[in-house]
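Novice: For what it's worth, this note's numbering labels the leading residue of the sequence shown as 172, then goes sequentially. Supplied in structure tokens, the structure appears directly below.
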Amino acid sequence: MKILVLNCGSSSIKYALYNMDDSSVMTSGGAERVGLDGAFVKVKLPSGEKKQIMHDIPEHTEGVKFIFSLLTDPEIGVIKSLDEIDAVGHRMVHGGEKFAKSVVITPEVIEAFKACSDLAPLHNPANLKGVDAVSELMPGLPQVGVFDTAFHQTMPPKAYLYAVPYELYEKYGVRRYGFHGTSHRYVSARALEFLGMKAEGTKVVTAHIGNGGSLAAVVDGKCVDTSMGLTPLEGVMMGTRSGDIDAGAVTFIQKKLGLDADGVSNLLNKQSGIAGLTGLSSDMRDIENAAKSGNERAIIAEDSYFYRVKKYIGAYAAAMGGIDVLVFTAGVGENQTSMREAACEGLEFMGVKLDKEVNARTRGEEAVISTPDSRVKVVVIPTDEELMIASDTMELVSK
172 MKILVLNCGS SSIKYALYNM DDSSVMTSGG AERVGLDGAF VKVKLPSGEK
222 KQIMHDIPEH TEGVKFIFSL LTDPEIGVIK SLDEIDAVGH RMVHGGEKFA
272 KSVVITPEVI EAFKACSDLA PLHNPANLKG VDAVSELMPG LPQVGVFDTA
322 FHQTMPPKAY LYAVPYELYE KYGVRRYGFH GTSHRYVSAR ALEFLGMKAE
372 GTKVVTAHIG NGGSLAAVVD GKCVDTSMGL TPLEGVMMGT RSGDIDAGAV
422 TFIQKKLGLD ADGVSNLLNK QSGIAGLTGL SSDMRDIENA AKSGNERAII
472 AEDSYFYRVK KYIGAYAAAM GGIDVLVFTA GVGENQTSMR EAACEGLEFM
522 GVKLDKEVNA RTRGEEAVIS TPDSRVKVVV IPTDEELMIA SDTMELVSK
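Spelled out as structure tokens, the structure:
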């Protein structure tokens, strides 16, 4: 079975075509600057060769149409006909409380997803453009929605409710939803499989740390808490997002700078975090290099970043009554050895013993980075959200 995975953002379309007979990626790539001048598509072939193709992409339907043409292109295509595609799986960002698992997309599902757009005004409409484009270009082709928020729907009320008037939850759905759910679901399950452990009876903390970052507490394979909230702004410090901040500080800043709601949102989402503290960059590789060269603000930002990751690990260990496995994933989690070392430092009291030598040489690969006598297994598991989407899609359309 061949499954196409689409991830449509406001101005981008990422894609991957899977042969699910062996879960291999036949080709992948992405269209960027959709609706803008200078649009292009990057393509990665099975050989590892990469190509960049300039192409005018005024809107998402044209982008998906062009991607379809590349899949069957005589020179770089990997299939002879679009009829070889059995289904399309879509990354859907915010499913609210309506979707606790992946679903086959129907008119009813689309209407329910549209009702969640207030919670993700940039992402949900873009996700739907991808669905509409496929429906227009290949009518009748099965499509599946896989939701970023779904994995976190097992959280109990004590974890997801905010201490604001309850009517705000009832009327407007104001609560913690969490994000990166497809990644947390994949790496929590894969880590246990890698370690030869069953989900039942296990307590796992997953740390998805990239330019955006979140942690999750997973008991018996189910999420019981996560760091992101109503939006992806809450939680640990991120590349350009503030993470946790006193709401009183927000209104204070708003008054001092004379900002409206959109201005505050822009400041906290796009001008804060690592970039805001350092004034240098949102990329942790740049900050790590600057800190090594003695840049004081980079050193402070790096320390703050590491500290907040460690604080959430400790909080979730307390919430679960212990921890068996700690998983690092995503761009920073998989590759920045100093972050992993700093996040584990001082956690020996709860059974974390990092093997610093193994950690120092582990980048972007599955590995146990704790010592043999560590009570808590610390592992690096590269995330694969696209494979998770493809697997869900195959399972649902096979039924």
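We put the CB at the ideal spot given by N, CA and C, even for glycine. Keep in mind that this is a model prediction, so the values were computed, not measured.
Quick check: Arg356 and Phe322, are their CB atoms within less than 8 Å of each other?
Specialist: As a first step, residue 356 is located in the sequence shown; it is residue number 185 there, counting from the start. As a first step, residue 322 is located in the sequence shown; it is residue number 151 there, counting from the start. Yes, Cβ-Cβ distance for Arg356 and Phe322 is below 8 Å.
Novice: Could you tell me which residues DSSP pairs with Tyr340 in its beta bridges?
Specialist: Here the question's residue 340 lines up with position 169 in the sequence shown. DSSP lists no partner for Tyr340.
Novice: Can the beta-carbon of Lys548 be found less than 8 Å from the beta-carbon of Leu518?
Specialist: For this step, residue 548 is matched to residue 377 along the sequence shown. For this step, residue 518 is matched to residue 347 along the sequence shown. No, the pair does not count as a contact, with Cβ atoms beyond the cut-off.
Novice: Give the DSSP-derived three-state secondary structure of Ala538 in the structure shown.
Specialist: By 1-based counting over the sequence shown, the position of residue 538 is 367. In the structure shown, Ala538 sits in a strand (DSSP, three-state: E or B).
Novice: Alpha carbon to alpha carbon, how far is Tyr478 from Lys285?
Specialist: Working through the sequence shown from its first residue, we reach residue 478 at position 307. Working through the sequence shown from its first residue, we reach residue 285 at position 114. Cα to Cα, Tyr478 sits roughly 38 Å from Lys285.
Novice: Closer than 7 Å to a non-hydrogen atom of the ligand ADP - does that hold for the CB of Ala486?
Specialist: Judged by which ligands are present, the structure shown has none, so any question about the ligand ADP falls away.
Novice: Say whether the segment 457-475 touches the segment 421-439, bearing in mind that this needs 3 or more beta-carbon pairs closer than 8 Å, one atom from each stretch.
Specialist: Contact fails: fewer than three Cβ-Cβ distances are below 8 Å.
Novice: Can you list, in chain order, the residues of its chain with a C-beta nearer than 7 Å to that of Glu557? Leave out the 5 residues immediately preceding and following it.
Specialist: Counted from its first residue, the sequence shown places residue 557 at position 386. Here the set comprises Val176 and Ala187.
Novice: Do Leu386 and Asn440 have their CB atoms nearer than 8 Å?
Specialist: Numbered from its first residue, the sequence shown carries residue 386 at position 215. Numbered from its first residue, the sequence shown carries residue 440 at position 269. Contact flag unset, no.
Novice: Run through DSSP, which three-state label would Lys272 get?
Specialist: As a first step, residue 272 is located in the sequence shown; it is residue number 101 there, counting from the start. In this structure, Lys272 counts as coil in the three-state DSSP scheme.
Novice: Are the segment 399-419 and the segment 364-371 touching by the rule of at least three beta carbon pairs closer than 8 Å?
Specialist: At 8 Å Cβ cutoff, the stretches do not touch.
Novice: Can you give me the C-alpha to C-alpha distance between Pro229 and Ser181, rounded to a whole angstrom?
Specialist: For the purposes of this step, residue 229 is identified with residue 58 of the sequence shown, where counting begins at 1. For the purposes of this step, residue 181 is identified with residue 10 of the sequence shown, where counting begins at 1. Cα-Cα distance, rounded: 12 Å.
Novice: Could you compute how far the alpha carbon of Lys236 sits from the alpha carbon of Leu497?
Specialist: In the sequence shown, counting from the first residue as 1, residue 236 sits at position 65. In the sequence shown, counting from the first residue as 1, residue 497 sits at position 326. Going from the Cα of Lys236 to the Cα of Leu497 covers about 42 Å.
Novice: Less than 8 Å between C-beta atoms, sequence neighbours within five positions excluded: which residues of the same chain meet that for Met191?
Specialist: Sequence index remark: in the sequence shown, residue 191 carries index 20 (1-based). Here the set comprises Met172, Lys173, Ile174, Ala561, Ser562 and Met565.
Novice: Counting C-beta neighbours from all protein chains within 10 Å, is the total for Leu525 16 or more, i.e. buried, or is it exposed?
Specialist: On the sequence shown, residue 525 is found 354 positions in, with the first residue counted as 1. With 16 or more Cβ atoms within 10 Å of its Cβ, Leu525 is classed as buried.
Novice: If you draw a straight line from the alpha carbon of Met399 to that of Tyr348, how long is it in whole angstroms?
Specialist: As a working mapping, residue 399 is identified with position 228 in the sequence shown. As a working mapping, residue 348 is identified with position 177 in the sequence shown. Answer to the nearest angstrom: the Cα atoms are 7 Å apart.
Novice: With burial defined as no fewer than 16 other Cβ atoms inside 10 Å of the residue's Cβ, what is the status of Ala258: buried or exposed?
Specialist: Working through the sequence shown from its first residue, we reach residue 258 at position 87. So Ala258 ends up on the buried side.
Novice: Determine the DSSP secondary structure at Gln507, reduced to helix, strand or coil.
Specialist: Within the sequence shown, numbered from 1, the residue matching residue 507 stands at position 336. Looking at Gln507 - three-state DSSP - the assignment turns out to be coil, as it is neither helix nor strand.
Novice: Let's see if you can read the secondary structure: which residues bound the alpha helix (DSSP H) around Phe239?
Specialist: Working through the sequence shown from its first residue, we reach residue 239 at position 68. From DSSP, the alpha helix (DSSP H) with Phe239 extends over His231 to Leu242.
Novice: What does DSSP give as the partner residue(s) for Asp396 in the beta ladder?
Specialist: Sequence index remark: in the sequence shown, residue 396 carries index 225 (1-based). According to DSSP, Asp396 bridges with Ala388.
Novice: Return the chain-ordered list of same chain residues with a C-beta closer than 7 Å to the C-beta of Asn506, the five sequence neighbours on each side being excluded.
Specialist: Here residue 506 refers to the residue found at position 335 of the sequence shown. So the list reads Arg534 and Gly535, once near-sequence residues are dropped.
Novice: Considering only the alpha carbon of each residue, which of Ala490, Glu282, Gly260 and Gly234 lies closest to Val376?
Specialist: Counted from its first residue, the sequence shown places residue 376 at position 205. Here the closest residue by C-alpha is Ala490.
Novice: Do Ser453 and Ile445 have their C-beta atoms closer together than 8 Å?
Specialist: By 1-based counting over the sequence shown, the position of residue 453 is 282. By 1-based counting over the sequence shown, the position of residue 445 is 274. Yes. Within cutoff.
Novice: Give me the DSSP bridge partner(s) of His379.
Specialist: Taking the sequence shown and counting its residues from 1, one reaches residue 379 at position 208. Note: His379 sits in a beta bridge opposite Ser385 and Thr500.
Novice: Look up Ile224 in the DSSP assignment and give the residues it is bridged to.
Specialist: Working through the sequence shown from its first residue, we reach residue 224 at position 53. Bridge partners of Ile224: Val212.
Novice: Could you check whether the segment 267-274 touches the segment 304-320, counting it as contact only if at least three pairs of C-beta atoms, one from each stretch, sit closer than 8 Å?
Specialist: With the cut-off at 8 Å, the segment 267-274 and the segment 304-320 touch.
Novice: Which residue's Cα is closest to the Cα of Glu225: Ile238, Pro336 and Thr353?
Specialist: Along the sequence shown, one-based indexing puts residue 225 at 54. First, the amino acid is wrong: residue 225 is Met here, not Glu. Selected option, being the one with the closest Cα: Ile238.
Novice: Who are Val176's beta bridge partners in DSSP?
Specialist: As a position in the sequence shown, residue 176 is number 5, starting the count at 1. Answer is Ala187 and Gly260, bridged to Val176.
Novice: Hey, how far is the Cα of Ser199 from the Cα of Arg412?
Specialist: Numbered from its first residue, the sequence shown carries residue 199 at position 28. Numbered from its first residue, the sequence shown carries residue 412 at position 241. Their backbone Cα atoms lie some 28 Å apart in a straight line.
Novice: Excluding the five sequence neighbours on either side, which residues of its own chain have a C-beta within less than 6 Å of the C-beta of Ala476, listed in chain order?
Specialist: The count along the sequence shown starts at 1 and reaches residue 476 at position 305. One point to set straight first is that residue 476 is Tyr, not Ala, in the sequence displayed. Cβ within range, chain order: Met408.
Novice: Can you name, in chain order, every residue of its own chain whose Cβ lies under 8 Å from the Cβ of Val421, other than the five neighbours on each side?
Specialist: The sequence position of residue 421 within the sequence shown is 250, counting from 1. Within the same chain, Val421 has close Cβ partners Val435 and Leu439.
Novice: By the 10 Å Cβ neighbour count, where 16 or more other Cβ atoms means buried, how is Gly383 classified, buried or exposed?
Specialist: By 1-based counting over the sequence shown, the position of residue 383 is 212. So Gly383 counts as buried.
Novice: Quick check: the Cα distance between Pro328 and Tyr340, rounded to an integer number of angstroms?
Specialist: Position 157 of the sequence shown, counting from 1, holds the residue named residue 328. Position 169 of the sequence shown, counting from 1, holds the residue named residue 340. Distance between the alpha carbons of Pro328 and Tyr340 is about 11 Å.
Novice: How is the alpha helix (DSSP H) around Lys369 delimited, first residue to last?
Specialist: Translated into the one-based positions of the sequence shown, residue 369 becomes position 198. Neither: Lys369 is in no alpha helix (DSSP H) and is coded neither H nor E.
Novice: With DSSP as the reference, please indicate the residues paired to Gln314 in a beta bridge.
Specialist: Counting from 1 along the sequence shown, the entry for residue 314 is found at position 143. Looking at the DSSP assignment, Gln314 forms a beta bridge with Val259.
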